[in-house]
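Report on the structure given below.
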Ligand code: SF4
Ligand code: SF4
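Chains as they are written, first to last, in the working numbering: chain D, 6 to 294; chain U, 669 to 878.
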């Protein structure tokens, strides 16, 4: 199976291990991620803060390009890209006035969009299209004994829900459990990490990040599995500040769920780019490699 | 009164508090489901759910209270909208289905447009730099973004984060800070932008008339 793929800016560099491991895992699942040619930045949460309609217009260019490729569905790994593209698409499909304006913009650029695309996140595709039984069939080294806190964050299911609960999503738990790992109870799983504000005003949002790390530690987790480049960045990068803030050692490795999937499928650490995180994961993941 | 209110800059065109409320309302009404704003019952669910309300000068609920009291300018002078992380928890929980997150975005946009941003926040600067980069390159360049952000008066952060930033760079996780355009269809993006900027203005102007 082949699927059109929207990578997004952050997986080109900051979150390159997410891109690499997602592609490797999809290949194992007999699914090829085909990159959308000449995609542009979706605008994330930031463009919207200055121009509303233009932000949707940028996002819509990607939708138009995807339709030009003949796709009915496009998958992305970044929840911010997912929700941005999804939102433009949703407003386009449900609000004719909005759709008309977007189409005027696209026409000026020689493009058009018919509203026929479906935007999906990779976790949804893995669970609901590929199926966890297919994942289980490919497990070579079950992650027995590994305790994982699954952190869903905000935008995977908010505000549109779609494939899981907005308040208490479990889709990552299900994926990680299918790998043979133990999923610890993690009540903060859908609480926000501070998003972009943690980058700009980290001194103010350290308490938010600290709460997330402490809860995972106290739940007995060996690592936190994430599905978002910004969650990864905030939880991984700011651990020194959190330790100072909490006055203790709350260090815990942050990994992408696709990296854990790859490990269980027998891929090497190098193929999954494990080791690019700042808080090293060897101690807890080394034995599965 | 939060201190940030007292130190507003007045570089851009100033609006009276009434004009500001009208402009805000006309823009919000133009958003999908924007009219639901009038239905706020001041229950406080949004403020109670918001992960960063503790760091906001005014909590989300207070925006709607301020609007009714004709004091929206105070909210705009504050850091409130810029502490919003777009986590959408308020939006999914609001019993009146008000799209609070979208309204937070509108506050940010108004603040930028009329120069009412709290000096205590740097997120507005970040947004401007981000837009400059994505308009120019078609995609974001994280190194350029962070460097320009630090140079806009965040040297302390730059020093604090330098070692970790260098580590990321050597792990291949940060691009060179200078790069050329990354999207062949940049001119397409520009054309879309021109048309939609114009439509955005037109639509808000129409709403004012209603
Ligand atoms: S949750 Fe909705 S109704 Fe309640 S105070 Fe907030 S905006 Fe108003
Ligand atoms: S979307 Fe913004 S205002 Fe709403 S709960 Fe999240 S941070 Fe608070």
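The beta carbon of each residue, even a glycine, is placed where N, CA and C say it ideally should be.
Below 8 Å between beta carbons: does that hold for residue i and residue j?
i: residue 226(D); j: residue 153(D); result: yes
i: residue 214(D); j: residue 261(D); result: no
i: residue 181(D); j: residue 155(D); result: yes
i: residue 107(D); j: residue 136(D); result: no
i: residue 70(D); j: residue 43(D); result: yes
i: residue 748(U); j: residue 725(U); result: yes
i: residue 750(U); j: residue 715(U); result: no
i: residue 177(D); j: residue 230(D); result: yes
i: residue 233(D); j: residue 286(D); result: no
i: residue 854(U); j: residue 811(U); result: no
i: residue 864(U); j: residue 771(U); result: no
i: residue 57(D); j: residue 777(U); result: yes
i: residue 179(D); j: residue 171(D); result: no
i: residue 72(D); j: residue 11(D); result: no
i: residue 65(D); j: residue 19(D); result: no
i: residue 807(U); j: residue 862(U); result: no
Less than 8 Å between the CB atoms is what I'm expecting for residue i and residue j, so what's the real figure, rounded?
i: residue 23(D); j: residue 82(D); result: 6 Å
i: residue 38(D); j: residue 67(D); result: Not really, about 15 Å apart at Cβ, beyond 8 Å.
i: residue 78(D); j: residue 111(D); result: That pair is no contact at about 20 Å.
i: residue 758(U); j: residue 718(U); result: 6 Å
i: residue 127(D); j: residue 27(D); result: 6 Å
i: residue 53(D); j: residue 773(U); result: 5 Å
i: residue 259(D); j: residue 240(D); result: 5 Å
i: residue 894(U); j: residue 55(D); result: Examination of residue 894(U) is not possible in this model, given that chain U is present from 669 through 878 alone.
i: residue 727(U); j: residue 734(U); result: With 8 Å as the limit, residue 727(U) and residue 734(U) do not qualify as a contact, their Cβ atoms being about 11 Å apart.
i: residue 251(D); j: residue 139(D); result: Residue 251(D) to residue 139(D), Cβ: 41 Å. No contact.
i: residue 277(D); j: residue 268(D); result: 7 Å
Quick check: what's the CA-CA separation for residue i versus residue j?
i: residue 860(U); j: residue 755(U); result: 28 Å
i: residue 129(D); j: residue 46(D); result: 22 Å
i: residue 871(U); j: residue 790(U); result: 30 Å
i: residue 880(U); j: residue 710(U); result: Here chain U has residues from 669 to 878 only, and residue 880(U) is not among them.
i: residue 670(U); j: residue 746(U); result: Low local confidence applies: a pLDDT of 39 at residue 670(U) is under 50, so the model's placement there is unreliable, and no value is given.
i: residue 819(U); j: residue 203(D); result: 18 Å
i: residue 161(D); j: residue 50(D); result: 14 Å
i: residue 279(D); j: residue 264(D); result: 7 Å
i: residue 831(U); j: residue 815(U); result: 14 Å
i: residue 149(D); j: residue 290(D); result: 11 Å
i: residue 798(U); j: residue 804(U); result: 10 Å
i: residue 676(U); j: residue 271(D); result: Reliability fails at residue 676(U), whose pLDDT of 40 lies under 50, so the model's placement of it is uncertain and no value is given.
i: residue 673(U); j: residue 795(U); result: Note that residue 673(U) has pLDDT 36, beneath the 50 cutoff, so the model's placement of it is unreliable and no number is given.
i: residue 208(D); j: residue 802(U); result: 27 Å
Quick one: which chain D residues come within Cβ less than 7 Å of residue i?
i: residue 686(U); result: The premise fails here: residue 686(U) is roughly 23 Å from chain D at the closest Cβ pair, so nothing lies under 7 Å.
i: residue 700(U); result: 96, 100, 103
What residues of chain D sit near residue i, judged by a beta carbon separation below 8 Å?
i: residue 721(U); result: Here the premise fails: no neighbours, minimum Cβ distance about 11 Å.
i: residue 843(U); result: 17, 18
i: residue 759(U); result: 163, 164
i: residue 868(U); result: 56, 57, 58, 59
i: residue 789(U); result: 205, 206
i: residue 818(U); result: None at all; the shortest Cβ gap to chain D is about 11 Å.
Could you check whether the Cβ of residue i sits closer than 7 Å to any heavy atom belonging to ligand 1?
i: residue 729(U); result: yes
i: residue 763(U); result: yes
i: residue 714(U); result: yes
i: residue 648(U); result: For chain U, the structure presents residues 669 to 878; residue 648(U) sits outside this window and is missing.
i: residue 757(U); result: no
Below 7 Å on C-beta distance, what does residue i contact in chain U?
i: residue 79(D); result: Residues of chain U passing the Cβ test: none, with the nearest at roughly 17 Å.
i: residue 242(D); result: 832
i: residue 21(D); result: 840, 841
i: residue 46(D); result: 802, 806, 807, 808
i: residue 109(D); result: 863, 867
i: residue 43(D); result: 851, 852, 853
i: residue 171(D); result: 760
Should residue i be counted as a contact of ligand 2 given a C-beta to heavy atom distance under 7 Å?
i: residue 14(D); result: no
i: residue 719(U); result: yes
i: residue 753(U); result: yes
i: residue 236(D); result: no
i: residue 295(D); result: Nothing in the structure corresponds to residue 295(D), since chain D is present only between 6 and 294.
i: residue 210(D); result: no
i: residue 766(U); result: no
i: residue 769(U); result: yes
Residue i touches chain U at which residues, Cβ-Cβ below 9 Å?
i: residue 210(D); result: 719, 720, 723, 751, 753
i: residue 281(D); result: 836, 839, 840, 841
i: residue 135(D); result: Those within 9 Å of residue 135(D) in chain U number zero; the least Cβ separation is about 27 Å.
i: residue 114(D); result: 853, 855, 856, 857, 858, 859, 860, 863
Taking C-beta pairs closer than 8 Å, name the residues in chain U that residue i reaches, listed in chain order.
i: residue 51(D); result: 794, 795, 798, 799
i: residue 159(D); result: 753, 754, 755, 756, 757
i: residue 63(D); result: 802, 857, 860, 861
Please list, in chain order, the chain D residues whose beta carbon lies closer than 9 Å to that of residue i.
i: residue 776(U); result: 53, 54, 55
Return yes when at least one heavy atom of ligand 3 lies under 7 Å from the C-beta of residue i, else no.
i: residue 89(D); result: Of the ligands this structure carries, namely ligand 1 and ligand 2, none is ligand 3.
Residues of chain C with a CB under 7 Å from the CB of residue i: which are they?
i: residue 196(D); result: The structure shown contains no chain C; its protein chains are D and U.
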